[in-house]
Amino acid sequence: HYYLGVIDYMLYNNRESMFHLNRAIQINPDYMEAIYLKAANLAEMGKHEDSMEAFAKCDKLRPEFSITKLNMAVNYIEMKDYFNAETLLTQLINTDADCLAEALYYRGWIYYAQRQMSKACEDWFATTKLGHFEGTNSYTEVCENKSKTKRKQHTIVAF
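So for the sequence shown, the numbering used here puts the first residue at 5; every next one is plus one.
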């Protein structure tokens, strides 16, 4: 069921993906990958609180999987809970996590949303050194060109 859920997720069939993932989780309630993908589906469907519950379970099952914390932070951003998002992202940055560039990018986005431009530019500049495309674009558009418009990157599910 899990792999059918993955295929449906990749085809943007969230409802069908959820059906297969729920079946996989029924068979194995600790199937971290299925729970993770279910959380991603829920986030894409705008069900951020449910998504947070699923990501929290993933974090308990595999705390070393740093992308889970990144996606929890993105959920917090979507819910406009910038304090908790910044806390998680700062933890990831301080531990030099595998998703360091993305954590810097999103923390920069939080600072930007809070009109703390010098902090946003500092984080986005750090992403340029890591080769992060969206962070580099944000730094160029907002910090160098002083543009007022900014688009937000969506996290790609990674395993």
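Using N, Cα and C, we set each Cβ at its ideal position, and we do this for glycine too.
Using the three-state DSSP reduction, which class does residue i fall into: helix, strand or coil?
i      : result
Met49  : coil
Gly135 : coil
Gln118 : coil
Asp102 : coil
Ser21  : helix
Asp127 : helix
Kindly give me the distance between the Cβ atoms of residue i and residue j, rounded to whole angstroms, as I take these residues to be in contact under 8 Å.
i     : j     : result
Asp54 : Leu46 : 5 Å
Glu48 : Asn18 : 6 Å
How about residue i and residue j: are their beta carbons less than 7 Å apart?
i      : j      : result
His241 : Arg27  : There is no way to answer for residue 241, as the model of the chain reaches only from 5 to 163.
Tyr116 : Thr132 : no
Ala105 : Leu92  : no
Ala89  : Ile114 : yes
Lys61  : Ile29  : no
Leu108 : Asp85  : no
Shortest alpha-carbon distance to residue i belongs to which of the options?
i     : options              : result
Tyr16 : Gly139, Asp34, Ala44 : Ala44
Tell me where the alpha helix (DSSP H) around residue i begins and ends.
i     : result
Met14 : 6-14
Tyr80 : 70-82
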